[in-house]
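Here the sequence shown stands for residues -38 to -1, 1 to 440, numbered as in mature numbering (1 follows the signal peptide of the UniProt record, and there is no 0).
Heads up, the beta-carbon is just placed ideally off N, CA and C, and yes, glycines get one too.
Remarks on the structure that follows.
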Amino acid sequence: MPAANFSSARVPFDRVWRRCALGAALCALLFPAAPARAQPAGDTLRLAGSNTIGEELGPALVRSFATSRLGLVNERVAVSPEPQQRRFTFSKPEAPSQLEVLIESRGTGTGFQALAGRRAEIAMASRPVTDQEETETVREPLRNAQGERVIGLDGVLVLVSGQNPLNRLTQEQIADIFAGRVTDWAQVGGRPGRIQVYRRDDASGTTDTFCNLVMQGCRGDNRFVATAQTFTSSEDLSDAVAADANGIGFAGFAYRRSAKALDIAGVCGLATTASEFTVKTEEYPLSRRLFLYAPASRQTLLVQQFLKFASTDALAQQAVRESGFINLDVAPAEPGYAANRAIADKPGLPVTRPAFTVYERTARAAQRLSVTLRFRTGSAELDSRATDDIERLVAERAAGHLGTGTIYLMGFTDNVGTWEDNLALARSRADAVAQVLRSRQVGPVVASAHAFLLPVACNDSDLGRQRNRRVEVWTARQ
């Protein structure tokens, strides 16, 4: 049955809803599967792909899964002559080998090649699978609720000294600085001074993230400038930048220390402050999802158990944080968040006051949560992270962490199409999520529509428009 195209077709949602019967992901939330049976002994699990995940996070997740879910306590690690390969064996004192895990970290693309060659059950990826990888390499569906799981988020701070008066740069300006095309702060609106670039070593996962998010892979003309000082420690790099009025560097969110983190501006003028909250909402441009992929048709019980654990279990999210990444735990916005939001409307269209009035009224009565629900491109389905985020939201509510007050769902769109069409589209999405929450006995729930008011990204790119198509979750103030 064809899915509704929310991004372009603008089909009235009541007709789509009856045809798609809530969509596969929403149905899965309404009718959750029965718990999996205990995993029998003597299994092997193979993960291949992203260095960013495989270096530390992958082993941490495997270790937590083996001990907390399978009751295995002994661990042996065998390092291959090739440093990208490691073998972990978990067992009980009174029993032979129970679980053997092979992790091979050679880059995201190699994970999908390993799936295609059946050399791995799970691909680790620090970016979404491409159309070509899904249809020509793996040749099995991956972009569905069973085959794709988001396990955490990665983000990079761009750091300068507190003595530097600049507070923001665009991604293009940052790339030009680190590639040596811009060499003086005056070229980007700062006070004159020769820029000193600081960077992490090539073996660092932070470097991999920065290269992919800012430097187009650090290939060709986007290699690091030869005069950059290289560090093997993020702590040392951050301290060096803080002490150098003309310095600039990058580090993970745990390593801001005494340096100043720059806001990242888009070409439309929107600037996003670097914080864990804006990474969790996926509004901070220098952030990305971390994925696990496994074709649903091949998933053994062990694979299903591990994927579920890695993407939803509290112990897994603890491992994500301890590995230096940003986890998916539900978090409230920082104080003053609502007051600091700006309106950027489609040129030529006036602000529609009723929609903004509803936003203002809600913002006074509630606080935003990090849960920000997005849909698969051109589909009526919630994406894989949104599916799990609803489970997290339900669990937090049941545990009493979010109180018992009203939950507000605000639907937003990109700026493609008319205001009226986008308002209807935003309402249909918010209403769809409200129906799911009510079916899970989460209430009271109020849904509202705001079309393309309050964008969180510039609408000049596919990625920006995708980020603007969202349902925000707010909860009544305690």
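For residue j and residue i, believed in contact at Cβ under 8 Å, the rounded distance
{"i": "Ala413", "j": "Leu385", "result": "4 Å"}
{"i": "Pro127", "j": "Arg101", "result": "So it is not a contact: roughly 54 Å between Cβ atoms."}
{"i": "Arg89", "j": "Thr70", "result": "6 Å"}
{"i": "Leu115", "j": "Ser249", "result": "6 Å"}
{"i": "Ala10", "j": "Arg81", "result": "7 Å"}
{"i": "Leu119", "j": "Ala223", "result": "4 Å"}
Boundaries (first-last residue) of the beta strand (DSSP E) holding residue i
{"i": "Thr51", "result": "47 to 53"}
{"i": "Asp5", "result": "5 to 11"}
{"i": "Arg283", "result": "Element bounds for Arg283: not the beta strand (DSSP E) but the alpha helix (DSSP H), 276 to 284."}
{"i": "Leu115", "result": "110 to 122"}
{"i": "Ala85", "result": "84 to 87"}
{"i": "Ser200", "result": "Per DSSP, Ser200 belongs to no beta strand (DSSP E); it is in the alpha helix (DSSP H), 196 to 204."}
{"i": "Gln191", "result": "191 to 193"}
{"i": "Gln158", "result": "158 to 162"}
Outcome for residue i when other beta-carbon atoms lying within 10 angstroms are tallied against a minimum of 16
{"i": "Arg315", "result": "exposed"}
{"i": "Ala40", "result": "exposed"}
{"i": "Leu425", "result": "exposed"}
{"i": "Thr263", "result": "Going by the sequence as given, residue 263 is Leu instead of Thr. Its Cβ having fewer than 16 others within 10 Å, Leu263 is exposed."}
{"i": "Arg251", "result": "buried"}
{"i": "Thr324", "result": "buried"}
{"i": "Asp345", "result": "buried"}
{"i": "Val417", "result": "For clarity, residue 417 is Pro in the given sequence; the question names Val instead. Buried."}
{"i": "Val35", "result": "exposed"}
{"i": "Asp350", "result": "buried"}
{"i": "Gln440", "result": "exposed"}
{"i": "Gly20", "result": "buried"}
{"i": "Arg38", "result": "exposed"}
{"i": "Asp42", "result": "The residue asked about is misnamed: residue 42 is Ser in this sequence, not Asp. Exposed is the call here."}
{"i": "Glu434", "result": "buried"}
{"i": "Arg181", "result": "exposed"}
Residue range of the alpha helix (DSSP H) that includes residue i
{"i": "Trp147", "result": "First-last for Trp147: undefined, no H or E at that position."}
{"i": "Gly71", "result": "70 to 78"}
{"i": "Ser26", "result": "20 to 30"}
{"i": "Asn430", "result": "424 to 430"}
{"i": "Arg251", "result": "From DSSP, Arg251 is part of no alpha helix (DSSP H) but of the beta strand (DSSP E) over 249 to 255."}
{"i": "Thr324", "result": "315 to 327"}
{"i": "Gln397", "result": "381 to 401"}
{"i": "Leu364", "result": "Looking at the DSSP string, Leu364 is not in any alpha helix (DSSP H), and its letter there is neither H nor E."}
{"i": "Phe239", "result": "238 to 242"}
Distance between residue j and residue i (C-alpha atoms, nearest Å)
{"i": "Arg156", "j": "Trp147", "result": "7 Å"}
{"i": "Arg391", "j": "Gly405", "result": "17 Å"}
{"i": "Leu269", "j": "Gln108", "result": "9 Å"}
{"i": "Tyr299", "j": "Ala409", "result": "20 Å"}
{"i": "Tyr255", "j": "Gln94", "result": "15 Å"}
{"i": "Val378", "j": "Thr29", "result": "49 Å"}
{"i": "Phe52", "j": "Asp5", "result": "10 Å"}
{"i": "Lys242", "j": "Asp291", "result": "9 Å"}
{"i": "Thr368", "j": "Leu399", "result": "12 Å"}
{"i": "Arg161", "j": "Gly211", "result": "6 Å"}
{"i": "Gln133", "j": "Leu61", "result": "44 Å"}
{"i": "Gly73", "j": "Thr366", "result": "43 Å"}
{"i": "Thr14", "j": "Thr171", "result": "8 Å"}
{"i": "Glu238", "j": "Ala348", "result": "18 Å"}
{"i": "Gly117", "j": "Asp163", "result": "17 Å"}
{"i": "Gly167", "j": "Phe186", "result": "16 Å"}
{"i": "Ser(-32)", "j": "Ala394", "result": "Residue confidence for Ser(-32) is low, a pLDDT of 36 falling below 50, so the modelled location carries little weight; the figure read from the coordinates is stated next. Near 16 Å, if we compare the C-alpha coordinates of Ala394 and Ser(-32)."}
{"i": "Arg389", "j": "Gly373", "result": "6 Å"}
{"i": "Arg219", "j": "Gln125", "result": "15 Å"}
{"i": "Glu343", "j": "Asn106", "result": "9 Å"}
{"i": "Ile113", "j": "Gln75", "result": "21 Å"}
{"i": "Ile136", "j": "Thr92", "result": "26 Å"}
{"i": "Trp54", "j": "Ser12", "result": "Per the sequence shown, the amino acid found at residue 54 is Lys instead of Trp. Their Cα atoms are separated by approximately 30 Å."}
{"i": "Val144", "j": "Gly151", "result": "11 Å"}
{"i": "Glu284", "j": "Gln178", "result": "28 Å"}
{"i": "Glu322", "j": "Leu364", "result": "21 Å"}
{"i": "Asp376", "j": "Glu382", "result": "13 Å"}
{"i": "Phe215", "j": "Thr189", "result": "25 Å"}
{"i": "Gly231", "j": "Val265", "result": "44 Å"}
{"i": "Asn430", "j": "Thr319", "result": "19 Å"}
{"i": "Glu353", "j": "Glu245", "result": "21 Å"}
6 Å CB neighbourhood of residue i in its chain, flanking five on each side removed
{"i": "Val63", "result": "Leu7, Val24, Phe50"}
{"i": "Glu96", "result": "Leu104"}
{"i": "Ala258", "result": "Gln108, Gly109"}
{"i": "Gly16", "result": "Ile65, Ser67, Met86"}
{"i": "Thr99", "result": "Phe74, Ala78"}
{"i": "Ala281", "result": "Ala22, Leu23, Ser26"}
Own chain partners of residue i with C-beta closer than 7 Å, once the 5 adjacent residues on each side are dropped
{"i": "Asp206", "result": "Ser123, Gln158"}
{"i": "Pro294", "result": "Gln329, Leu331"}
{"i": "Tyr217", "result": "Ser196, Glu197, Ser200"}
{"i": "Asn208", "result": "Trp147, Gly155, Arg156, Ile157, Gln158"}
Cβ neighbours of residue i in the same chain (closer than 8 Å, five flanking residues each side left out)
{"i": "Pro247", "result": "Gln133, Leu175, Ile226, Gly228, Thr234, Ala419"}
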